[in-house]
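Enquirer:
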Amino acid sequence: MGSVMARRDAALRGAKEQGRFRTVCGNGTETLPPHTRTPGVSSVVPTIQVAATAGILEYTAARGGDVAWVMREAQLTHEDLARPEQRLPLRKFVTLIEAASRSTGDDCFGAHLGQICGLRELGLPGYLANFAVSVERALASFARYYYLLGDSTDVRFDRRDSRVSFTYHVLDRESWPRRQDAEQVLTMIVYLIRDWIGPSWSPDAVWFEHDQPANAAELERILGCPLRFNRETNSVWFDQASAAHENPRADERLFHLLSWFAETVMGGEPPRAGPSATFRDQVIASIETCANLGNATIHSVSRALGLEARTFQRRLEAENSSFRELFETYLQRESQKLLARSDLAEKEIAARLGYGSLNSFIRAFRRWNGVTPGEWRNKRATLSQLVSSAVPRLS
Numbered sequence: 459m460g461s462v463m464a465r466r467d468a469a470l471r472g473a474k475e476q477g478r479f480r481t482v483c484g485n486g487t488e489t490l491p492p493h494t495r496t497p498g499v500s501s502v503v504p505t506i507q508v509a510a511t512a513g514i515l516e517y518t519a520a521r522g523g524d525v526a527w528v529m530r531e532a533q534l535t536h537e538d539l540a541r542p543e544q545r546l547p548l549r550k551f552v553t554l555i556e557a558a559s560r561s562t563g564d565d566c567f568g569a570h571l572g573q574i575c576g577l578r579e580l581g582l583p584g585y586l587a588n589f590a591v592s593v594e595r596a597l598a599s600f601a602r603y604y605y606l607l608g609d610s611t612d613v614r615f616d617r618r619d620s621r622v623s624f625t626y627h628v629l630d631r632e633s634w635p636r637r638q639d640a641e642q643v644l645t646m647i648v649y650l651i652r653d654w655i656g657p658s659w660s661p662d663a664v665w666f667e668h669d670q671p672a673n674a675a676e677l678e679r680i681l682g683c684p685l686r687f688n689r690e691t692n693s694v695w696f697d698q699a700s701a702a703h704e705n706p707r708a709d710e711r712l713f714h715l716l717s718w719f720a721e722t723v724m725g726g727e728p729p730r731a732g733p734s735a736t737f738r739d740q741v742i743a744s745i746e747t748c749a750n751l752g753n754a755t756i757h758s759v760s761r762a763l764g765l766e767a768r769t770f771q772r773r774l775e776a777e778n779s780s781f782r783e784l785f786e787t788y789l790q791r792e793s794q795k796l797l798a799r800s801d802l803a804e805k806e807i808a809a810r811l812g813y814g815s816l817n818s819f820i821r822a823f824r825r826w827n828g829v830t831p832g833e834w835r836n837k838r839a840t841l842s843q844l845v846s847s848a849v850p851r852l853s
């Protein structure tokens, strides 16, 4: 990854020379206010780590594109892309890769980039996939921990009868068009499996949510299988024998170390969506989606699930749960995700989560995790230093 990031930084330097949300949860106390409270005017902006941009600007420059124009289109600066662990708005990321496609005149920019830029470029989830013992473990781990890389994205590995599927679907409605992003990620997945099994391997089918592009024949050549467009999601379909295939370069010790670190950082299960999710998972995922839109109330969440509010409450009661409890679960996870960002002060995080004071947020966080936000950050930094001993193995 170092060489890609170095070349990208060089492209950035060349370009430089050319010229919240408040949820219904926070009312200044540790408890939740009434669920009918009107949320604030701001909203959570879905983000993604800068690591996801690896190769985009370097490949743009190599194909004769205008890097400076691409950055202006995405409203990004050199400082925005300085470190791979920084985060940028998801909408700006998809704009960046779409602009790169237009600037280079490469209609299949994302797929071409996915051929040369492996999953290991995509931060911790990508590294985990790279060192997993099998295709199934790789894709399941990438899906599980993608939450650490980007927000508002449904990433799943599923088994259905004799076939399996890997699904990647951005849920943020503002992040559109996003064709190049989808084609890049699915090409990365196909090429990871092809690298492990053999150059002749191809999936059974690939689905895309966008319309059929003019150069669909080039996409079909790259992916080596029938393509379907205007589907509900983006998915790669293949057989179970391929899923069981072993990784010839697996490192189980490093995989377990990175998994342990990811679990510690994540602090629990990420919200899941899709047909394999439990009702609890679906509620938490819907809370996140509604919070991103600035309107996370019991009414908006029930509507998002296609239920009347009373039916929704009865379903929760039948599972010995409540909207308040699941909202707190969402808040706990969101607080850890925000604390993982070094650019956010605790006071700003408290405000984003809707707390009227920093002390109220600290009390709630200690109740959830047994430590204060500052102590949690220090523990995470210590674990990061431990994992950093494996970094030379990753370059």
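The sequence shown begins at 459 in the numbering used here and counts up one residue at a time.
Beta carbons are placed, not taken as given, at the ideal position from N, Cα and C, and that holds for glycine.
Can you tell me whether V591 is buried or exposed, with buried defined as 16 or more other CB within 10 angstroms of its CB?
Expert: Classification for V591: exposed.
Enquirer: Could you tell me which of A520, A809, A587 and W665 sits nearest to N688, measuring between CA atoms?
Expert: Closest option to N688, Cα to Cα, is W665.
Enquirer: Determine, using beta carbons only, whether N748 and E676 come nearer to each other than 8 Å.
Expert: Strictly speaking, residue 748 in this sequence is Cys, with Asn absent from that position. Not closer than 8 Å, so no.
Enquirer: Name the DSSP bridge partner or partners of R545?
Expert: According to DSSP, which records beta bridges pairwise, R545 is partnered with Q507.
Enquirer: Let's see if you can read the secondary structure: which residues bound the alpha helix (DSSP H) around S599?
Expert: First-last of the alpha helix (DSSP H) with S599: V593 to Y603.
Enquirer: N692 lies in the alpha helix (DSSP H); which residues open and close that run?
Expert: Here N692 belongs to no alpha helix (DSSP H); instead the beta strand (DSSP E) covers N692 to D697.
Enquirer: Label T518 either buried or exposed according to how many other C-beta atoms from any shown protein chain fall within 10 Å of its C-beta, with 16 as the threshold for buried.
Expert: T518 comes out buried.
Enquirer: Which of the three DSSP states, helix, strand or coil, is assigned to Y626?
Expert: Three-state result, Y626: strand.
Enquirer: If you check the beta carbons only, do E556 and G513 fall under 8 Å apart?
Expert: No, they are not a contact pair.
Enquirer: With a threshold of 6 Å on Cβ separation, who are the neighbours of R637 within its own chain once the five nearest residues in sequence on each side are excluded?
Expert: The answer, listed in chain order, is H668.
Enquirer: Could you tell me how far apart the beta carbons of V508 and R530 are, in whole angstroms, since I believe they sit closer than 8 Å?
Expert: With a Cβ gap of about 17 Å, V508 and R530 do not count as contacting.
Enquirer: In whole angstroms, what is the alpha-carbon distance linking Y604 and P583?
Expert: Roughly 6 Å separates the two Cα atoms.
Enquirer: Terminal residues of the continuous alpha helix (DSSP H) containing R772?
Expert: Unbroken alpha helix (DSSP H) run through R772: A767 to A776.
Enquirer: Can the beta-carbon of A420 be found less than 8 Å from the beta-carbon of L607?
Expert: Since the first and last residues shown for the chain are 459 and 853, residue 420 lies out of range.
Enquirer: Are T645 and G572 closer than 8 Å when you measure CB to CB?
Expert: Yes, the pair counts as a contact, with Cβ atoms nearer than the cut-off.
Enquirer: At the level of alpha carbons, what is the spacing between A473 and A601?
Expert: With a pLDDT of 44 at A473, under the threshold of 50, the predicted position of this residue should be treated as unreliable, though the coordinate-derived value follows. If I take the Cα positions, the gap works out to 34 Å.
Enquirer: To the nearest angstrom, how far is it from the Cα of R791 to the Cα of A809?
Expert: Straight-line Cα distance between these residues: approximately 16 Å.
Enquirer: Please state if the CB of D616 and the CB of S623 are separated by a distance shorter than 8 Å.
Expert: Yes, these two residues count as a Cβ contact at 8 Å.
Enquirer: Would you mind giving the Cβ-Cβ distance between S620 and D697, rounded to the nearest angstrom? I have them listed as a contact below 8 Å.
Expert: Right, their Cβ atoms sit about 7 Å apart.
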